[in-house]
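Encoded as structure tokens, the structure appears first; notes follow it.
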Amino acid sequence: VASDSRQTRPDLITKLERILLAKNSSQDTDTPNQSSKNNQMESDIPILKASTKKPVIFIDGGIHAREWISPAFLMYALTQLVESPDLLEGIEWRLVPVLNPDGYIYTWKSDRMWRKNRSKANRYCYGVDLNRNFGYKHGGSGSSSNPCSEIYRGPSAFSEPESQALKKAVESVKDRLKAYVTVHSYGQMILHPWGYTSIRHPDTETMNYMGQGMAEAIRAVNGKHYSVGSAAGILYPSAGGSDDWASSEGVLYSYTVELRDTGSTGFILPASQIKPTVVETWAAIKYMGKKIIEEN
Ligand code: 0X9
Ligand code: ZN
Numbered sequence: 483v484a485s486d487s488r489q490t491r492p493d494l495i496t497k498l499e500r501i502l503l504a505k506n507s508s509q510d511t512d513t514p515n516q517s518s519k520n521n522q523m524e525s526d527i528p529i530l531k532a533s534t535k536k537p538v539i540f541i542d543g544g545i546h547a548r549e550w551i552s553p554a555f556l557m558y559a560l561t562q563l564v565e566s567p568d569l570l571e572g573i574e575w576r577l578v579p580v581l582n583p584d585g586y587i588y589t590w591k592s593d594r595m596w597r598k599n600r601s602k603a604n605r606y607c608y609g610v611d612l613n614r615n616f617g618y619k620h621g622g623s624g625s626s627s628n629p630c631s632e633i634y635r636g637p638s639a640f641s642e643p644e645s646q647a648l649k650k651a652v653e654s655v656k657d658r659l660k661a662y663v664t665v666h667s668y669g670q671m672i673l674h675p676w677g678y679t680s681i682r683h684p685d686t687e688t689m690n691y692m693g694q695g696m697a698e699a700i701r702a703v704n705g706k707h708y709s710v711g712s713a714a715g716i717l718y719p720s721a722g723g724s725d726d727w728a729s730s731e732g733v734l735y736s737y738t739v740e741l742r743d744t745g746s747t748g749f750i751l752p753a754s755q756i757k758p759t760v761v762e763t764w765a766a767i768k769y770m771g772k773k774i775i776e777e778n
């Protein structure tokens, strides 16, 4: 049977290899039909669990309050996903439309150019730059210890509820997490780690190759050019970013995507560019999703 399957379904053997022989344990939340009665009884009877573990793609938006095109993209991505049976079948998606809701509301009500969250540091200054608050190389270059700075890293790594929430959500799917993408603006760039240093990341080739494919997918939609490279290499070094942290946790494909434009309107992207921007960005995510399904 196995050799027949190998001829007809080349993907089947690798999937079968992942079948778990699992003792029914209380930690095993995946197991269906677990009544509370079953949970109470510690059984010695081995249970064969046949399952394939879907890869997870995690995407967040709105880490920086004023980058409005980012939450807009996350919402658009959801509308496209629910109409993409193949992408839903092959991948488990986790989307966070706005990681920094307090800051986002503040940009609507008080200060359009607010970047950080709204933590109160002292009488005069508010806000931690969530993208300097993550727990890998926290405190390094391109971050500030001054609470009044736009790039204030916070009193300690993961001091903020927003970065803690992301940490928890990522850790809950860590063993299946194939890609982490955090969506920002602006600059038209696909950035991979490291962000804290220009030292080459060991997976540079793999991340860069996927990134180039994503950039090509974007260009095919409206002809926009996105640069691909390491964050510290083609943008600037900055430590404590969520992308570096995800990478340090073992996520192979970790990206910061900086959407339109390249600076003529910057954060205040005209309404007429919202639709074309989210459509081209979706092409990049779709490309990555399909590649990851193929690789699985
Ligand atoms: O500075 C940032 O946090 C990002 N650029 S933005 O203009 N959206 O603020 C770039 C982050 C790149 N990744 C790391 N430095 N880790
Ligand atoms: Zn940003």
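Start counting at 1 in the sequence shown, then tack on 482, and there's your number in mature numbering (1 follows the signal peptide of the UniProt record, and there is no 0). A virtual CB, placed ideally from N, CA and C, is assigned to each residue, including glycine.
DSSP places A661 within a strand segment (E or B) once states are collapsed to three.
Those residues whose C-beta sits under 7 Å from the nearest heavy atom of the ligand ZN are, from N- to C-terminal order along the chain, I545, H546, E549, N613, H666, S667. M696 is classed as buried because its beta carbon has at least 16 other beta carbons within 10 Å across all chains shown. A straight line joining the alpha-carbon of S746 with that of Y718 spans about 20 Å.
D542 is bridged by DSSP to V578, T664. Annotated as distal: F640 and W727, with beta-carbon spacing of 7 Å or more. Assignment of beta-bridge partners to K602 by DSSP yields Y608.
Going by DSSP, S712 is part of the beta strand (DSSP E) stretching over 709-712. Under the three-state reduction of DSSP, V739 is assigned to strand. DSSP places I672 in the strand class (E or B) of the three-state scheme. Burial check for V733: the Cβ neighbour count within 10 Å reaches 16 or more, so the residue is buried.
Beta-bridge partners of S626 (DSSP): Y634.
By the neighbour-count criterion, in which a residue is buried when 16 or more other Cβ atoms sit within 10 angstroms of its Cβ, N628 is exposed.
Contact between the segment 660-680 and the segment 534-552 is established, with three or more Cβ pairs separated by less than 8 Å. The segment 565-574 makes no contact with the segment 602-618, as fewer than three CB pairs between them are under 8 Å. In the DSSP annotation of this structure, the continuous segment of the alpha helix (DSSP H) that includes V761 starts and ends at 756-777. Shown here, I681 sits in coil according to DSSP, grouped into three states, outside any helix or strand. In this structure, V578 lies away from Y586, with their beta-carbon atoms at least 7 Å apart. Counting along the chain, the unbroken alpha helix (DSSP H) around Y558 starts and ends at 551-563. If you compare the alpha carbons of I541, A721, A547, A713 with that of K591, the shortest gap goes to A547. In the DSSP assignment, Y586 falls within the unbroken alpha helix (DSSP H) covering 583-591.
In summary, I681 is exposed, with fewer than 16 beta-carbon neighbours lying within 10 Å of its beta-carbon over all protein chains present. Here the distance from the Cβ of G622 to the nearest heavy atom of the ligand 0X9 is not below 6 Å.
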